[in-house]
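For the sequence shown, this note's numbering begins at 37 and goes up steadily by one.
C-beta atoms are modelled at their ideal positions from N, C-alpha and C, and glycine is treated no differently.
In this text the structure is predicted, and so the values were computed from the model without any measurement.
These notes concern the structure reproduced below.
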Amino acid sequence: MSTAKPFTLLIPDAAIAELRERLARTRWPDEPPLPPWSTGTSAAYLRELIDYWRTGFDWRVWEANLNSFPQFTIPIRGIDLHFIRVSLWICLADS
């Protein structure tokens with residue numbers, strides 16, 4: 037049986053920069069000539085969301101937030117499963 041190994045999330049700066057570049061190069065479709073959301077995601081909403089991920093989302097703050105919890109990986113059926121182990125009591129007491 038495998039044992040869990042401690043894990044710390046560390047996203048390389050280059051990966052974040054590359055993601056921002058790809059998001060900036062997005063080729064946007066036209067909004068369909070129907071009411072927004074009637075045929076899928078609203079193109080206007082999606083543009084706002086992608087702009088937030090590209091320019092407003094603070095990757096390092098959320099990386100630190102996730103790393104404040106005990107995290108582990110364990111190999112299961114050929115994949116490394118990542119999990120966070122936190123008791124519900126601790127989560128409720130902190131809120």
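Could you name the residues that DSSP lists as bridge partners for residue i?
i    : result
I115 : I112
P42  : F108
Tell me the DSSP secondary structure of residue i in three-state form.
i    : result
I86  : helix
I120 : strand
G76  : coil
I47  : coil
L70  : coil
Roughly how many whole angstroms lie between the Cα atoms of residue i and residue j?
i    : j    : result
F43  : S78  : 37 Å
I110 : E99  : 20 Å
P71  : P106 : 45 Å
T75  : T62  : 20 Å
L45  : S38  : 21 Å
D66  : G114 : 41 Å
I112 : F119 : 12 Å
F93  : P69  : 31 Å
Y81  : D49  : 27 Å
Y88  : A40  : 35 Å
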